[in-house]
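For reference, the structure discussed in these notes is given below.
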Amino acid sequence: NYYTTTFTFTVSKITVILYLEETERRQEDMGRFVNPDNSAFQVALNSKIYVDKTGLIEYTNSVLDTTDAYICNSRPRRFGKSYAANMLAAYYSKGADSEKMFSGLQISKEADFREHLNKYDVIHIDIQWFLANCEDVDNVVTLITDSVLSELREIYPDIFTWEVSRLPDALSIVREKTGQKFIIIIDEWDVLIRDAATNGKVQEAYINFLRGMFKGTEPTKYIQLAYLTGILPVKKEKTQSALNNFDEFTMLSASNLAPYIGFTEDEVEKLSKEYHQDFDKVKRWYDGYLLKDYQIYNPRAVVGVMLKGEFKSYWSETASYEAVTPLINMNYDGLKTAIIEMLSGANVKVDTATFKNDTVNIHSKDDVLTYMIHLGYLGYDQYTKTAFIPNEEIRQELTVAVESRSWNEMLMFQQESERLLDATLDMDGVMVGTQIEKIHNEYISVIQYHNENSLSSVLTIAYLSAMQYYFKPIRELPTGRGFADFVYIPKPEYKADYPALIVELKWNQNAQTAMQQIKNKKYPTAIENYRGDILLVGISYDKNCKEHQCLIEKYEKES
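Written out as structure tokens, the structure reads:
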């Protein structure tokens, strides 16, 4: 017993000493910007709602020390940019002990989980923080450099001399003397690029800083992983020469990182069950960003509705519509028409290639729409190359932005659209046909009637005023025997006064044919669980006489 007790005590003592030595080593290596601790990510884990996005680490582990290890992951505000950056720092940083923190999360199930856990020198900087804490913006790059160099000298006191004044030189020296490569994480990387108030001198100094850090053969020797996150992709022309070796993941093409940009539909559905929220309603309000094969939700909005139970725009709590107002009021041909179309629920073609990721020199409607996609005010379908308003939350924000400037086009158009909606609700088919024709001829003459798709576009825009009372129209809703062209479902607060609308369009035929198709194919069965009134609307356009016809009937549900 004596020997056993002594042996056990000795092992315990050795374990304590080893643990203390490891703790002291981490404390010696730890800094604010170099080898930070994991406290920033712990804040996310402490939150009432945390959705596991450590699958991102699985991807970054797979590209470590390769040509794909240079990542620029851009996304809008409120989409968890800083959470992701903090997570990567907590996982890789030598200054943290994060095994317990990540145990139970997705990444802990991977075979190489411990191989990379807290094994690297990490430099984690937030450009927005440096900008806010720099007395003279002209010196922001110098402040970044001096702050990081100061900590590197403390961690590697025997390596540096005070003559080393450039950060790339310092990283190269560490690599040469120790064999240690760095993981560099830059949050809000583009703030100096996209801020119009930042002068050209500062931008040039910052671009040179990025070029020195990431371009050429030498950086490949000291960089294990570079992860930049911000709102904009790499700026073409100016920063492209500094960062053209980066693999870009954007709101236009998120590729493998799509499920880590925001909340996926599966994740939101699970949260809805846990917090007893109507998932279909959550989907209408906050869904709509199409990234690769995923429906992506704004995390800030989803967390808000789960915790508060209020369906509203959470966007305005963290950003003002004033940010987008100057954009939508730019005097470019077709811009206002495109905004009206999207407010009505339509998709609009956009050429994203013209935008140079330059927020100062915007030259066209396509530039404006592309920038709005990056800001999160528009969704983008990379397969059809179209932009659209993703959900009810953003629709409300853009409506306020438009109304704040009192567009004459919008005011007149809304008046005509309201007359159309009133005529529809009054089941006045003659007036509906007349109003659609008037709206087309007077306000949206850019759309020509060549086929049924054109008629669909006109109808979508004509019912703009319905967006106040209805959710975004459902296009091609599957039914038992076909697809209904349009289905308008009233928002819950208006269900008692506004019926659901099932609309069928026929080009170069008659309204009776459209109405008969609604009945024969039993389109109302697609919303048979809807308990309010339903109107059946058949609309046709005859290209020979250039007239519209409309028939409207009230659907009688089977008892």
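For the sequence shown, the residue numbers in the working numbering are 6 to 564. Positions of the beta carbon are idealized from the N, C-alpha and C atoms, including for glycine.
Asked: Following the continuous alpha helix (DSSP H) through G217, name the residue where it begins and the one where it ends.; Found: 205-219
Asked: For L416 and H445, I'd like the C-alpha separation in whole angstroms.; Found: 16 Å
Asked: E2 and I466: beta carbons closer than 7 Å?; Found: The structure shown does not extend to residue 2, since the chain spans only 6 to 564, so no value can be given for it.
Asked: Taking the Cβ atom as the reference point for each residue, do D57 and L110 lie within a distance shorter than 7 Å?; Found: yes
Asked: Roughly how many angstroms lie between the CA atoms of P497 and G100, to the nearest whole one?; Found: 52 Å
Asked: Tell me the rounded alpha-carbon separation between C555 and G434.; Found: 5 Å
Asked: Just the Cα atoms here: how many angstroms apart are T28 and Y125?; Found: Confidence at T28 is low in this model, with a pLDDT of 47, below 50, so the placement of that residue should be treated as unreliable; the coordinate-derived value is given next. If I take the Cα positions, the gap works out to 16 Å.
Asked: Please report how far the alpha carbon of F165 lies from the alpha carbon of N40, in whole angstroms.; Found: 17 Å
Asked: Whose C-alpha, out of T150, F187, E159, is nearest the C-alpha of L172?; Found: T150
Asked: Hey, quick one: how far does the beta strand (DSSP E) through L540 stretch, first residue to last?; Found: 539-547
Asked: Within a Cβ cutoff of 6 Å, which residues of the same chain sit near E26, ignoring the five residues on either side of it in sequence?; Found: Note that E26 has pLDDT 47, beneath the 50 cutoff, so the model's placement of it is unreliable and the number below is only indicative. The answer is none, since no qualifying residue turns up.
Asked: Quick one: Cα of N380 to Cα of V308, how far?; Found: With the sequence shown as reference, residue 380 is identified as Leu, and Asn is not the correct amino acid for it. Distance between the alpha carbons of L380 and V308: 20 Å.
Asked: Who are the Cβ neighbours of K370 in its own chain at under 6 Å, not counting the five residues just before and after it?; Found: Y337, G339, L340
Asked: Check this for me: beta carbons of E397 and W320, under 7 Å apart or not?; Found: no
Asked: Can you give me the C-alpha to C-alpha distance between T15 and D102, rounded to a whole angstrom?; Found: Annotation note: pLDDT 45 at T15 (below 50); position unreliable, no value reported.
Asked: By a C-beta neighbour count over all protein chains shown, 10 Å radius and 16 as the cutoff for buried, is T357 buried or exposed?; Found: buried
Asked: Extract the residue ranges of the beta strand (DSSP E) inside the region 289-361, only unbroken runs of 3 or more that lie entirely within it.; Found: 294-296, 299-302
Asked: Put T439 into one of helix, strand or coil per three-state DSSP.; Found: helix
Asked: Thinking N43 and A95 are a contact (beta carbons under 8 Å), I'd like their distance in whole angstroms, please.; Found: 4 Å
Asked: Would you kindly check if the distance between the Cβ of L237 and the Cβ of D195 is under 7 Å?; Found: yes
Asked: Per DSSP, S79 is paired with what?; Found: G235
Asked: List the endpoints of the continuous alpha helix (DSSP H) containing L556.; Found: Counting along the chain, L556 falls outside any alpha helix (DSSP H), though it belongs to the beta strand (DSSP E) covering 552-559.
Asked: Would you identify the three-state DSSP class for K511, choosing helix, strand or coil?; Found: strand
Asked: So, is Q522 buried or exposed, given that buried needs 16 or more other C-beta atoms within 10 angstroms?; Found: buried
Asked: Contact between the region 214-234 and the region 155-164: three or more CB pairs below 8 Å?; Found: no
Asked: Given T364, which residues of its chain have a CB within under 6 Å of its CB, disregarding the five upstream and five downstream residues?; Found: R199
Asked: Go through the region 98-143 residue by residue and report every complete run of the beta strand (DSSP E) that reaches 3 residues or more, in order.; Found: 126-131
Asked: Suppose you measure from the CA of N456 to the CA of C550; what does that come to, to the nearest Å?; Found: Any reading at N456 needs caution, since the residue's pLDDT is 49, under 50, leaving its predicted position unreliable; the model's value is listed next. Those two C-alpha atoms are separated by around 15 Å.
Asked: Could you tell me which residues DSSP pairs with V39 in its beta bridges?; Found: I128
Asked: Based on Cα-Cα distance, which residue from E509, Q514, G537 lies nearest to G502?; Found: Position check: residue 502 holds Asp in this sequence, whereas Gly was assumed. The shortest C-alpha separation from D502 is found at G537.
Asked: Where does Y382 land, buried or exposed, given buried means 16+ other C-beta within 10 angstroms?; Found: buried
Asked: Does the beta-carbon of S545 have 16 or more other beta-carbons within 10 angstroms, so that it is buried, or is it exposed?; Found: buried
Asked: Give the C-beta separation of V353 and A406 to the nearest angstrom, bearing in mind that I take them to be a contact with Cβ-Cβ under 8 Å.; Found: Actually they do not touch by this definition, with Cβ atoms about 17 Å apart.
Asked: Classify K562 as helix, strand or coil using the three-state DSSP reduction.; Found: coil
Asked: Compare the beta carbon distance of N350 and P478 with 7 Å and say whether it is the shorter of the two.; Found: Before going further, note that residue 350 is Gly rather than Asn in the sequence given. Yes; because the gap between Cβ atoms is below 7 Å, this pair is in contact.
Asked: Between the beta-carbon of Y475 and the beta-carbon of P495, is there less than 7 Å?; Found: yes
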